[in-house]
Structure formats: structure tokens, C-alpha cells
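Protein chains in written order, with this note's numbering: chain A, 1 to 533; chain B, 534 to 962.
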């Protein structure tokens with residue numbers, strides 16, 4: 001055998017070896033792509049694992065697209081639809097003009113979604129953006145995928161950003177604590193890390209400790225759990241107070257318009273809830289117009305809806321006052337029946353105009369989601385509603401106390417004939433006062449559209465609560481309405497964890513009945529001549 | 534001018550008389566078969582029931598295009614019980630005695646069904662009830678085309694336990710008879726499968742509950758015990774929307790704690806931004822997204838009928854379609870609309886459902902149905918992730934509850950709605 005011949009032989013073997021290793025990468029990705037097209041959830045999950053293991057350069061992009069439902073698969077091609085709307089061949093990463101025919105989006109279920117999250121966690125740990133790394137570490141923390149431990153540890157070695165480092169250590173702890181073969185000391189340290197994290201996810205991870213744990217570990221675990229639970233219990237009280245405040249602000253918004261029409265004017269207005277509903281529907285219409293004409297303004301839609309809702313509800317209120325109620329002053333029973341009839345008419349009118357089904361009112365970006373404050377999860381929509389309720393309250397107080405119109409309103413309610421003798425047009429003031437109360441109800445509707453259904457029945461569910469707040473707080477007193485709403489909200493939320501939502505509400509009603517027996521004029525009763533008038 | 538107008542009037546009158554004349558004798562000759570539609574068109578339930586009224590009108594119109602029934606045209610008699618339970622009974626009586634309807638399609642809530650039941654028994658007429666309900670009932674005059682608990686709740690729980698490996702359960706419901714009974718059945722079922730009592734949390738809320746903050750944070754807390762947790766929701770109708778919103782806002786994703794709902798369908802999702810809900814589940818016997826030729830034709834017909842290309846279909850609508858077709862077949866079989874004959878003919882009648890199977894009316898007046906588990910997609914539709922192999926026969930009496938496991942409904946052989954197989958006697962005791 002000549003040397004040349006031998007060399008040739010060796011070369012052939014070498015080439016064959018290289019080709020084989022390249023081929024095996026190509027084979028796993030091929031196999032993965034085939035599984036993606038199989039339209040079976042278990043195959044898809046397996047394909048994700050294979051893609052991650054294959055170290056295919058596009059793996060992260062493919063898995064991310066899969067999670068978003070942007071991955072299209074067919075027997076011969078797998079295509080990623082980019083967020084910009086273009087198409088990319090998953091295998092080569094080359095841009096395509098259009099998606100080939102016969103491709104279907106790869107479907108997801110929760111198991112696949114979990115696999116995607118875990119895979120992205122592993123792939124995202126090396127992302128240059130620290131925020132992405134934290135999110136990835138968080139995903140690993142939740143999936144507790146033992147296979148990712150080396151990646152996490154490598155990432156810890158490289159990490160320079162302190163928050164990201166903390167998240168990575170927690171992810172490492174979550175994996176270690178569940179691994180029987182890890183060093184006992186490491187596992188003890190992991191318990192410590194989880195204890196420091198101290199939230200419900202940490203608690204869940206601690207509780208999931210497998211049965212093989214040593215007594216020392218068990219003890220540490222029990223101690224950490226007890227400590228976290230104690231801390232969370234304190235936070236739970238704060239949280240209930242916060243929820244109470246939030247419910248109180250909703251009650252305040254719903255009732256404050258009524259505090260004007262019923263409290264100040266003495267009109268039993270059963271159509272008050274429908275003013276709230278009209279405000280919510282105005283929000284819907286405004287949003288539809290914005291969606292159709294100026295989508296860029298969507299985040300401002302609520303701000304735009306506020307004056308519109310005030311005007312719509314206020315105008316309807318004035319029309320009701322001029323058309324019906326002014327003939328019924330001093331006849332409470334007739335007013336009650338007439339306004340109740342009006343409420344039914346308004347409900348059915350809205351049902352005919354907009355259909356009986358709920359209407360979707362979208363939430364602008366700043367009203368979605370939540371943030372953590374200590375152990376407290378505060379949702380943005382509730383936070384903004386509390387702020388909004390406070391603003392409306394302050395504005396209304398200012399109108400009544402500081403403006404000439406407010407002065408005239410108070411004059412008319414306190415002594416109608418005297419006010420009339422002083423040259424105040426009482427009829428006009430009546431209409432404006434009623435319009436103001438209704439307009440404020442419309443504002444409440446804008447806020448409630450964010451947390452409740454926009455349906456013709458929206459107002460009905462708030463009318464009883466509104467009357468309860470006004471009567472409890474003391475008729476004719478805005479501060480009473482504020483205190484009444486907050487008291488009812490907080491009491492309701494403090495009772496709810498113990499008694500349940502149904503019994504809690506009943507208990508509260510019983511308390512109010514007893515209270516009204518004792519103080520028929522509510523918390524802050526008006527004193528003086530106005531009461532007798 | 535004057536004469537012109539008179540002439541014109543005369544012609545118009547003659548024309549009108551001619552038209553009227555050509556129509557009148559036909560109308561007098563042609564007797565119609567009246568079909569009662571008893572769904573709330575106003576009040577709280579209008580949101581769900583109006584759709585069912587429309588689907589019945591469409592089915593009747595379609596049947597008339599095919600030449601009616603027994604050579605007669607069908608005529609829909611629509612009444613509005615206004616979500617008022619006692620009014621349901623009054624309107625039912627009016628339909629049967631005054632309008633002399635051959636059968637009635639109606640009711641949504643269980644309490645409305647219970648309210649009309651004595652009327653249908655007394656006046657011996659037929660009610661088709663299209664909504665999933667709590668079971669524990671089998672009446673001679675009622676045909677239940679919606680799901681019994683074993684056709685919806687139990688398969689859903691099985692799916693969660695098997696596919697999602699759920700070990701801890703939150704049973705959340707609105708406080709009335711359907712959730713309470715269903716949860717009682719589910720609790721018994723879960724316990725029989727070895728779930729410990731401390732792994733089950735049961736929670737009830739009032740109708741139209743909108744402040745879910747406490748409950749959602751309770752669920753979050755309950756879910757942090759280190760075991761996979763799921764929520765089984767029998768929360769009614771649109772109270773679900775704020776519930777889901779709160780779940781989304783508090784960051785509970787379907788991958789952490791999935792929610793499977795029994796009262797959330799395409800209609801409910803139409804009023805809500807579904808992006809935060811993707812992955813949460815619903816169990817039904819029909820989804821709009823199921824691709825069969827029957828379903829595609831039905832959706833097309835429905836959207837044309839309502840003149841709204843975005844109008845969605847849902848499960849109780851399909852139940853009415855199946856129920857109506859079964860009634861038509863039974864009437865054709867006995868060549869009469871006499872309630873007694875039709876009631877006897879209905880068990881055994883088969884009609885295709887919209888998901889590719891053939892549903893059959895059983896002797897207990899329930900029907901066989903396939904069960905699907907669907908995941909909410911971001912467009913408000915459902916993606917079917919699991920289904921039963923074949924059709925599941927509906928159990929009138931739950932096998933999980935002590936009081937009812939020995940009972941069967943059999944209106945063919947035993948002529949009894951609650952036959953006790955142990956004592957061999959008719960009657961629950």
C-alpha cells in the first residue's frame with residue numbers, strides 16, 4: 001500500500017467522521033422539525049427539547065416564535081413568521097418572500113407552553129439584556145428544570161448585574177433543593193436563598209422538597225416555611241386593607257353622584273345606575289371611534305371618554321329632571337316609581353341599540369398588569385381607580401364649596417323659597433344639580449368599564465350599594481359618603497376571607513340595619529333647620 | 534289631479550285586494566304547527582338567551598324552506614319571560630293553553646326550568662332544555678339536550694388530573710343550585726380518586742360578583758403549596774369576565790394555575806380582551822372552531838341570518854339544533870304533534886350533531902354527546918386540546934352522590950324518572 005493511498009484512506013475516514021457529526025446535528029434538527037409538523041402536543045414538546053439540545057443557531061428564535069404562535073410547520077418546511085410580518089425559513093434563517101402553501105401554525109397547550117418557557121429560560125440566560133436574563137432566570141425558577149443547572153451555574157459565574165445575579169441564585173436554589181444528588185450543604189444554602197426571597201413562589205418551591213431530605217434539611221425547611229408564612233400573614237392584613245380601600249373607591253365613585261341627587265336634592269333616583277351604564281357605553285363608543293379613526297390615541301381613550309361621558313350622562317340627567325322629576329318634587333313614592341320606570345326604559349334602549357351581549361372596553365397599557373410592593377401585589381387598574389375616585393371627590397367638594405353655582409345649590413336645598421326670593425332661578429339650579437349628579441355617575445361609568453362588564457345591567461348591580469353608602473354615610477353630606485364608602489369597602493374585605501363573599505355581604509347588611517336602627521340619619525347627620533325642611 | 538289620485542288609490546286598493554285575496558284562502562287552509570320559544574329577551578339573562586331565540590327562529594325558517602312539517606308550515610311563538618322566574622311559568626302556561634304550541638324550546642337557568650316544570654306536567658306538553666345543568670332530574674315532559682355533569686364536569690376534571698397532573702383543586706362557583714350540585718358531585722368524585730380534603734378549596738360568590746381581588750389572591754395562596762393547582766369554575770355568565778381580568782392583572786397564567794370553566798363560551802369571551810387568558814380552558818360539547826362540514830355550514834347560515842359576519846356560535850345553540858332536529862324526526866315518525874305520541878317516539882331518535890357525530894335521545898330524556906376541552910385563544914375562540922373517544926351518554930342521576938347513585942331515569946320500559954335499581958321501585962326513597 002503506497003503512502004498516498006494510505007493518506008487518501010485516512011482522509012476519507014476523517015471526512016466521513018466530520019460529515020457524521022454535522023449530519024447528526026442536522027438529523028436532530030430534521031427530526032425536531034418533523035415532530036413540529038406532527039400536530040401532536042407531546043411531539044412538539046419533544047421537538048423543543050431537541051432543538052435546544054441541538055444548539056441550532058436559530059433555536060431561540062424558533063422556540064420564541066412557537067410560544068407566540070408564529071411558527072408555521074408543514075411536511076417539508078418550517079417557517080417563522082417574524083413580528084414584523086415577514087417570513088423566515090427556520091432551518092437556514094433566510095428571509096422568504098411569502099410562506100409556502102400548506103403550512104399550519106404549530107398549536108400549543110399548557111404543557112407545550114411550559115416547555116417553551118423552560119427552553120427560553122435556558123436560552124435567555126445568555127441574553128445581553130439584564131432584564132431578559134432576569135425573566136429567563138425567573139422562568140427557570142418556576143420550571144425547576146434540573147437539566148439547566150450547568151447553564152445556570154455558568155451564567156452565575158459570568159453575571160455582573162446584581163439583580164440578575166440574585167435571580168440566577170434563586171433559580172439555582174430552586175433546582176438544587178429538589179435534587180437528591182446535590183451536596184447537603186448546597187441544599188441548606190438553597191433553603192436560605194429561598195427564605196430570603198420569601199414570597200409565595202418561594203413557599204411553593206420549599207414545600208415541594210422531595211421526601212429524601214435529611215433531618216437537618218427538613219428542619220431548615222420547616223423553619224423557613226414558618227418564617228415566610230408569618231411574614232406573608234402580616235402582608236395579608238395589609239393586602240386586605242388595600243383591597244378594602246379599592247372596593248371603597250369603587251363604591252365611592254358609584255355613590256357620589258347619588259350623594260348629590262339623593263343626598264343634596266332629596267330625589268330618590270332609581271335611574272342612577274343607568275347613568276353609570278351610559279358612561280360606560282360612552283367609553284365603549286369613544287374607544288370604537290378611536291380604534292377606527294386614530295388607533296395611536298388608544299392610550300388616551302379613557303381621558304377622552306371622561307368629558308364625553310360627563311356630557312352624555314349629564315344631558316340625559318337634565319332631560320329626566322326637566323321631563324319627569326320636576327313635576328314630582330315632594331312626592332317621593334311617585335319619584336321612586338317614575339325613575340325606576342326610566343331605568344328600565346334606558347336599559348332596554350341600550351339593549352336594543354347595542355345588543356344584549358357585553359361590549360369590550362379595552363384597557364390602555366398603563367391600566368394593565370400589577371407591581372409588587374413588598375408582599376403586596378397592586379394592580380394598576382385598581383390603583384388608578386382609587387386615584388380617580390379621590391380626584392372626583394375633591395373636584396365635587398370644590399364645586400359645592402367654592403363656586404357660585406355650588407353656593408346656589410346649597411341655598412336652594414336649604415331653603416328653596418328664601419333662595420328664590422334672593423333671585424336664584426331655582427328651577428334652573430335643580431336641573432343643573434341633577435345634571436351634575438348624573439354627569440358624575442357617567443364619570444364613574446368610565447372607571448367601572450375597566451373592572452366590570454359593559455352590559456345593559458351594569459347599573460343595576462351598583463344601585464343598591466350606592467343607596468347603602470349614601471344612607472349609611474348620612475344623607476346630604478359628601479364627607480359622610482366618603483367615610484361610608486371606605487368603611488363599607490374595608491369592612492367587606494376584612495370579613496370576606498373569614499366568612500366568604502356571600503356570608504360577608506349578608507353580615508355587612510345586618511350590621512348596617514342595626515346601625516341605621518341606632519342612628520337613623522347615618523354617620524354624619526345634618527343638624528339644624530335643613531333637616532326639618 | 535283629483536281624479537288622478539283617486540285612480541291611483543283605486544288601483545292600489547285593487548292591487549292590495551288582489552294580493553290579499555290570493556293570500557287569505559291559503560292562510561285559512563293552511564293550518565300551522567306552532568312552536569313556543571321561551572327565552573328571556575330582557576333582564577339579566579337576555580345576554581345569553583336572546584341568541585337562543587334567534588337560533589330557533591333560524592331553524593324554523595329553515596324547516597319551512599324545506600316544506601315545513603307534515604305538510605304544514607311551522608310558526609314560531611316568541612314570548613319574553615324577562616329573566617323573571619315566576620313569569621316563566623305564566624308565559625309557559627300562555628304558550629300551551631292560549632297559543633296551543635306543539636312543543637316549547639326554552640329556559641336557561643335551572644330555577645327557570647324548575648319554575649315551568651309543574652306547568653308542563655299539568656298541561657302535558659314538551660320542553661326542550663338546551664343548557665348544561667346539574668342533573669339529578671328526569672321528567673317525562675322535559676328533554677335535556679344540554680350536558681349532564683358526567684358529560685362536562687367529570688371529563689374536564691379527568692383531563693386536568695391526567696394531562697396537567699393537577700393535585701390541588703379550587704372549586705369556585707356562583708351561589709346557586711347548578712354550581713352547588715356540580716361541586717358536590719365533583720368533590721365526591723375527587724375524594725373517590727384519592728384527593729385529600731385539604732387539597733380541595735370550595736368558594737362561592739354572589740351573582741354578578743365584580744370584586745375578585747380577595748378570591749384571586751386566595752387562589753394564588755392556595756396554589757403555592759408546592760402541588761400543581763387548578764381552578765374548576767362554575768361561575769355563572771358574565772361574572773367570569775371580571776374574574777378573568779383579575780387573574781390576568783394579578784399575573785396568574787394558565788401555565789401556573791389553569792382555570793377550566795363550564796359556563797364560559799364564545800359569547801362570553803366576545804366581551805373581553807382574551808390575550809391574558811390564553812391557555813385557560815373550557816369544557817363543552819361543541820366549539821365554534823371545530824372543523825366539520827356541518828359546523829361550517831351552520832356558522833355560515835347563522836352569520837347570514839344575523840347579518841353579522843362576526844357573530845359567534847356556542848354550545849347551547851348546538852343543543853337547540855340537535856333538539857329541534859330530533860323533535861322534527863319524532864313528529865315525522867308518528868305523523869302527529871300530539872305530545873304523548875311524540876314523547877313516546879323521541880327516545881331512540883338520532884340526529885347528527887355539528888361536530889361530526891350522531892347524537893341519540895336516551896330513555897332518560899338526555900342525549901349522547903361528545904366532550905371537548907378547549908383552550909382559549911387570543912381571538913376569543915377555542916382550540917380543542919382533548920376530546921372523548923366517542924359520545925358520552927348523559928346520566929340523569931349522578932353516580933357520585935349517595936342519594937342518587939342507585940337511581941335511573943327510564944321512560945321507555947319503566948315509565949319512571951327516578952327508578953331505584955336496588956329496591957326495584959319507582960321513587961327516590
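We treat Cβ as the ideally placed atom computed from N, Cα and C, and that holds for glycine.
Can you tell me whether residue i is buried or exposed, with buried defined as 16 or more other CB within 10 angstroms of its CB?
i: residue 865 of chain B; result: exposed
i: residue 518 of chain A; result: exposed
i: residue 461 of chain A; result: buried
i: residue 697 of chain B; result: buried
i: residue 86 of chain A; result: exposed
i: residue 707 of chain B; result: buried
i: residue 333 of chain A; result: exposed
i: residue 919 of chain B; result: buried
i: residue 419 of chain A; result: buried
i: residue 422 of chain A; result: exposed
i: residue 387 of chain A; result: exposed
i: residue 93 of chain A; result: exposed
Helix or strand or just coil, what does DSSP make of residue i?
i: residue 766 of chain B; result: strand
i: residue 71 of chain A; result: strand
i: residue 558 of chain B; result: Here residue 558 of chain B scores only 42 on pLDDT, less than 50, and its place in the model should not be relied on; the value that follows carries that caveat. If DSSP states are grouped into helix, strand and coil, residue 558 of chain B belongs with the helices.
i: residue 848 of chain B; result: helix
i: residue 516 of chain A; result: helix
i: residue 252 of chain A; result: helix
i: residue 805 of chain B; result: coil
i: residue 885 of chain B; result: strand
i: residue 422 of chain A; result: coil
i: residue 578 of chain B; result: coil
i: residue 341 of chain A; result: helix
i: residue 349 of chain A; result: helix
i: residue 372 of chain A; result: strand
i: residue 268 of chain A; result: coil
i: residue 246 of chain A; result: helix
i: residue 949 of chain B; result: strand
i: residue 89 of chain A; result: strand
i: residue 100 of chain A; result: coil
In whole angstroms, what is the alpha-carbon distance linking residue i and residue j?
i: residue 482 of chain A; j: residue 511 of chain A; result: 18 Å
i: residue 238 of chain A; j: residue 266 of chain A; result: 38 Å
i: residue 457 of chain A; j: residue 781 of chain B; result: 24 Å
i: residue 158 of chain A; j: residue 752 of chain B; result: 38 Å
i: residue 283 of chain A; j: residue 293 of chain A; result: 15 Å
i: residue 182 of chain A; j: residue 793 of chain B; result: 37 Å
i: residue 404 of chain A; j: residue 262 of chain A; result: 21 Å
i: residue 395 of chain A; j: residue 523 of chain A; result: 22 Å
i: residue 910 of chain B; j: residue 69 of chain A; result: 10 Å
i: residue 67 of chain A; j: residue 475 of chain A; result: 56 Å
i: residue 249 of chain A; j: residue 863 of chain B; result: 58 Å
i: residue 652 of chain B; j: residue 626 of chain B; result: 6 Å
i: residue 631 of chain B; j: residue 815 of chain B; result: 41 Å
i: residue 72 of chain A; j: residue 645 of chain B; result: 48 Å
i: residue 947 of chain B; j: residue 954 of chain B; result: 11 Å
i: residue 702 of chain B; j: residue 762 of chain B; result: 6 Å
i: residue 143 of chain A; j: residue 117 of chain A; result: 8 Å
i: residue 401 of chain A; j: residue 264 of chain A; result: 13 Å
In chain B, which residues lie with their C-beta within 7 Å of the C-beta of residue i?
i: residue 31 of chain A; result: Within chain B, no residue comes near residue 31 of chain A; the closest Cβ sits about 24 Å away, beyond 7 Å.
i: residue 592 of chain A; result: This structure cannot speak to residue 592 of chain A, because chain A is shown only from 1 to 533.
9 Å is my cut-off, CB to CB: does residue i come that close to chain C?
i: residue 246 of chain A; result: The structure shown has no chain C; the protein chains it does contain are A and B.
So which residues of chain A does residue i contact, with C-beta pairs closer than 8 Å?
i: residue 766 of chain B; result: Here the premise fails: no neighbours, minimum Cβ distance about 14 Å.
If the cut is a Cβ gap below 9 Å, which residues of chain B does residue i touch?
i: residue 466 of chain A; result: Going along chain B, no residue has its Cβ under 9 Å from residue 466 of chain A, so there is no contact; the nearest lies around 14 Å.
At a CB-CB cut-off below 8 Å, which residues of chain B make contact with residue i?
i: residue 351 of chain A; result: 575 and 579
Using the beta-carbon of each residue, which ones in chain A are nearer than 9 Å to residue i?
i: residue 720 of chain B; result: Those within 9 Å of residue 720 of chain B in chain A number zero; the least Cβ separation is about 16 Å.
- If contact means a Cβ-Cβ distance below 7 Å, which residues of the segment 784–804 of chain B contact chain A? 784, 787, 788, 791, 800, 803 and 804
- Got a sec: which bits of the segment 483–516 of chain A sit with their beta carbon under 7 Å from any beta carbon on chain B, in order along the chain? The residues in question are 493, 496, 497, 500, 501, 502 and 505.
- Contact list for the segment 723–749 of chain B against chain A, Cβ threshold 8 Å: Within the segment 723–749 of chain B, the qualifying residues are 736, 737, 738, 739, 741, 742, 743, 744, 746, 747 and 748.
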